[in-house]
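Asks: Attaching a single structure in structure tokens format; questions to follow.
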């Protein structure tokens, strides 16, 4: 509860600062939700009631072996290309959810997949591109969803551009995970990723809802030389 009060005070402070600076916001839309993420030297945990009472989609995130952080949704949007896409084209584009931290670090996800990051101290995933839909978007729980996928990524530090990744998804034994202090039955999938040009292989993990296919928890490596990020969904975007 004490942590919840701290978050609420930070939220009020942000509001006051915005008013003083003359910043105009439309708080009725999820695209204008505010960042009240909290980072510290130890794991951050909020009570279930506190999470439910906050009017924001939220996640826990952990980078490598670092502390667990609480993050909220700052923006939900369909990416555009220089404003040239029609409304019908935009409807077919994946929705990007942008999760923001108090130090301006950002995680960008599409259907549970990490596709971009900003301002992370270890380095950042700059882009993720594919000619085919991500199996996570199609629903890994469906028998007709392809279990093979290819994409290209760019990342930094350094000039790592256009590296091709090949993925194979495998369903493992069903599991039970804790979400907001409650046990939840999930389907457990692994994603074996191969980067042939670097002779590197690694594995991502996904715990998904058995009916909707929504990713409830994941552990994903940003890029071959970057750390894993573990994400736990607390309050979904709707």
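Numbering (our numbering), first residue to last: 51 to 288.
Beta carbons: idealized from backbone N, C-alpha and C, even for Gly.
Because the structure is a prediction, the values reported are computed rather than measured.
Quick check on this structure: which residue in 178, 218, 110 has the alpha carbon closest to the alpha carbon of residue 195?
Replies: Counting from one through the chain shown, the residue named residue 195 turns up at place 145. When each option's Cα is compared against that of residue 195, the closest is 218.
Asks: Would you check if there are 3 or more beta carbon pairs closer than 8 Å linking the segment 172-184 to the segment 280-287?
Replies: No, the segment 172-184 does not touch the segment 280-287.
Asks: In the DSSP assignment, what residue or residues form a beta bridge with residue 232?
Replies: What you label residue 232 is simply residue 182 of the chain shown in a count that begins at 1. Beta-bridge pairing links residue 232 to 229.
Asks: In angstroms, rounded to a whole number, what distance separates the CA positions of residue 256 and residue 265?
Replies: Residue numbering aside, residue 256 sits at position 206 when the chain shown is read from its first letter. Residue numbering aside, residue 265 sits at position 215 when the chain shown is read from its first letter. So the two alpha carbons sit approximately 7 Å from each other.
Asks: Within this structure, are the beta carbons of residue 109 and residue 258 separated by less than 8 Å?
Replies: As a first step, residue 109 must be located in the chain shown, where it is residue number 59. As a first step, residue 258 must be located in the chain shown, where it is residue number 208. No, the pair does not count as a contact, with Cβ atoms beyond the cut-off.
Asks: Once the 5 residues before and after residue 143 are set aside, which same chain residues still bring their CB inside 6 Å of it?
Replies: Sequence index remark: in the chain shown, residue 143 carries index 93 (1-based). Answer for residue 143: 128, listed in chain order.
Asks: In whole angstroms, what is the alpha-carbon distance linking residue 208 and residue 99?
Replies: Taking the first residue of the chain shown as 1, we reach residue 208 at position 158. Taking the first residue of the chain shown as 1, we reach residue 99 at position 49. Roughly 43 Å between the two C-alpha positions.
Asks: Pick out whichever of 213, 101, 165 has its Cα sitting closest to the Cα of residue 244.
Replies: The residue given as residue 244 occupies position 194 in the chain shown. Measuring from the Cα of residue 244, the nearest candidate turns out to be 213.
Asks: Quick check on residue 204: does DSSP put it in helix, strand or coil?
Replies: As a first step, residue 204 is located in the chain shown; it is residue number 154 there, counting from the start. Here residue 204 sits in strand by DSSP.
Asks: Please name the residue in 172, 148, 123 whose C-alpha comes closest to that of residue 165.
Replies: Taking the chain shown and counting its residues from 1, one reaches residue 165 at position 115. Nearest of 172, 148, 123 to residue 165, Cα basis: 148.
Asks: Given residue 28, which residues of its chain have a CB within under 8 Å of its CB, disregarding the five upstream and five downstream residues?
Replies: A query on residue 28 cannot be resolved here, the shown segment of the chain reaching from 51 to 288 and no further.
Asks: Can you give me the start and stop residues for the beta strand (DSSP E) that residue 272 sits inside?
Replies: Taking the first residue of the chain shown as 1, we reach residue 272 at position 222. First-last for residue 272: undefined, no H or E at that position.
Asks: Cβ of residue 279 within 8 Å of Cβ of residue 112?
Replies: For this step, residue 279 is matched to residue 229 along the chain shown. For this step, residue 112 is matched to residue 62 along the chain shown. The answer is yes: Cβ separation under 8 Å.
Asks: From residue 102 to residue 95, what does the alpha carbon distance come to, in whole angstroms?
Replies: Walking along the chain shown from the start, residue 102 turns up at place 52. Walking along the chain shown from the start, residue 95 turns up at place 45. The alpha-carbon atoms of residue 102 and residue 95 are separated by roughly 13 Å.
Asks: Pull up the DSSP beta-bridge partners for residue 174, would you.
Replies: One-based indexing of the chain shown puts residue 174 at position 124. Paired residue(s): 206.
Asks: Who are the near neighbours of residue 231 in its chain, counting only those whose CB is closer than 6 Å to its CB and skipping five residues on each side?
Replies: Locating residue 231 in the chain shown gives position 181, where the first residue counts as 1. Closer than 6 Å at the Cβ level, and outside the excluded window around residue 231, lie 98.
Asks: Quick check on the burial criterion: 16 or more other C-beta atoms within 10 angstroms. Buried or exposed for residue 114?
Replies: Stepping through the chain shown from its first residue, residue 114 is reached at position 64. Residue 114 should be labelled exposed.
Asks: Alpha carbon to alpha carbon, how far is residue 272 from residue 204?
Replies: Locating residue 272 in the chain shown gives position 222, counting from the first residue. Locating residue 204 in the chain shown gives position 154, counting from the first residue. Approximately 10 Å between the Cα atoms of the pair.
Asks: Please say whether residue 274 and residue 250 have beta carbons closer to each other than 8 Å?
Replies: By one-based count along the chain shown, residue 250 stands at place 200. By one-based count along the chain shown, residue 274 stands at place 224. In contact: residue 250 and residue 274 (Cβ atoms closer than 8 Å).
Asks: Rounded to whole angstroms, what is the Cα-Cα separation between residue 155 and residue 239?
Replies: The sequence position of residue 155 within the chain shown is 105, counting from 1. The sequence position of residue 239 within the chain shown is 189, counting from 1. Their backbone Cα atoms lie some 28 Å apart in a straight line.
Asks: Whole angstroms are fine: how far does the CA of residue 146 sit from the CA of residue 158?
Replies: The sequence position of residue 158 within the chain shown is 108, counting from 1. The sequence position of residue 146 within the chain shown is 96, counting from 1. Distance between the alpha carbons of residue 158 and residue 146: 6 Å.
Asks: Buried or exposed: where does residue 220 fall if 16 or more other Cβ atoms within 10 Å of its Cβ makes it buried?
Replies: Here residue 220 refers to the residue found at position 170 when the chain shown is read from its first residue. So residue 220 ends up on the exposed side.
Asks: Cutting at 6 Å between CB atoms, please list the residues of its own chain near residue 267, excluding the five before and the five after it.
Replies: Within the chain shown, numbered from 1, the residue matching residue 267 stands at position 217. 227, 257, 282, listed in sequence order.
Asks: Can you find the residues in the same chain that come closer than 6 Å, C-beta to C-beta, to residue 69, ignoring five residues on each side of it along the sequence?
Replies: Numbered from 1 along the chain shown, position 19 holds the residue referred to as residue 69. Its pLDDT being 31, under 50, residue 69 is placed unreliably by the model, and nothing is read from it.
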